[in-house]
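When you line the sequence shown up against the numbering used here, it's residues 978 to 1196, in that order. Even glycine gets a Cβ: it sits at the ideal position worked out from N, Cα and C.
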Amino acid sequence: MSQDIEPDPFAEKVTPTSKPEALVPVGEDQKKPTQSFEEFMKKPMPTGEVSAERKALISPLELPGKQSMPTSGPSYKTLGAQLNATQETANDLKNQLQTPNLKLKQSQKYLLQNKLTEANANLRSVNLKLGVENPPEPVKVSGPGPIDKFIAYVSNGQNQLESAYHQVKNLNSSGTELTPGSFLEIQVKLNKAQQQIEYSSVLLSKAVEAMKQILNIQL
């Protein structure tokens, strides 16, 4: 006697598997770069120079913590460029100090005196490390007011910068070599002076701008 075979209750629920999709090799689904690595590396990187608009927005309190060190190797060329840049900042600072009827708060006077004194001390160290036997003496104050004193500080710094620049030119033309350690030490001192002068310039520009706003309101 034959036994009846019961149908498989799961047979109808099983669906045939679909054909597997072709695998895409790793990396082929990504976009190819539009330029080579060499071309990318040749592009100039943005400089760290502060624009006039950005400078107006910078708080002097931001500057002490961002002392940028020169990125290129030490050389007479980099020293000369750094001295020129610092001289330009000192010129701007002196022009700001000559603003008619300029008045400063006591706190601003205190900060300016400290920063300019420190800057001149660092610049004198730069001259001594470059081999200048008699760095320029401090400029005498020509007037009784604090502004005259600050102008004398800046003038002294300008003389120190000019002396250092001429010494760098002489050392370069004579073929005199400095050790990498000496170059670095000079750049550190110069960088500190540059930051202190920049701090003073930003601080003073804010004082001048505030004074102009008050005058406009009064008018």
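When secondary structure is reduced to three states using DSSP, residue 1190 falls in the helix class. Residue 1174 sits close to residue 1067, with the two beta carbons spaced by under 7 Å. If the five residues before and after residue 1093 are omitted, its C-beta is found closer than 8 Å to the C-beta atoms of 1127, 1130, 1131, 1134, 1173, 1174 and 1177, all from its own chain and listed in chain order.
Cβ-Cβ distances below 6 Å link residue 1096 to 1134, 1170, 1173 and 1174 in the same chain, with the five nearest sequence neighbours on each side left out; the list follows chain order. Here residue 1104 is not near residue 1062, since their CB atoms are 7 Å or more apart. Here the alpha carbons of residue 1190 and residue 1074 stand approximately 17 Å from one another. By the neighbour-count criterion, in which 16 or more other beta carbons inside 10 Å mark a residue as buried, residue 1056 falls on the buried side. By the Cβ criterion, the region 1105-1112 is in contact with the region 1143-1152, since at least three pairs of Cβ atoms, one from each stretch, lie closer than 8 Å. By the criterion of a C-beta distance shorter than 8 Å, residue 1070 is surrounded in its chain by 1131, 1174, 1177, 1178 and 1181, once the five residues flanking it on both sides are discounted. Residue environment: residue 1060 is assigned as buried (16 or more neighbouring CB atoms within 10 Å of its CB, all protein chains considered). Going by DSSP, residue 1118 is part of no alpha helix (DSSP H) at all; its letter is neither H nor E.
The beta carbon of residue 1124 lies closer than 7 Å to those of 1074 and 1079 in the same chain, with the five residues before and after it left out. In the DSSP annotation of this structure, the continuous segment of the alpha helix (DSSP H) that includes residue 1106 starts and ends at 1083-1107. For the 7 Å CB-CB criterion, residue 1137 and residue 1121 do not form a contact. Contact between residue 1077 and residue 1160 does not hold, since the beta-carbon distance rounds to 43 Å and is not under 8 Å. In this structure, DSSP gives residue 1052 a state outside helix and strand, which the three-state scheme calls coil. Here residue 1166 is buried: its Cβ has 16 or more other Cβ atoms, across all protein chains shown, within 10 Å. Contact between residue 1053 and residue 1149 holds: CB atoms are separated by about 4 Å, below the 8 Å threshold. Contact check for residue 1184 and residue 1083: beta-carbon distance about 12 Å, past the 8 Å limit, so the pair fails to qualify.
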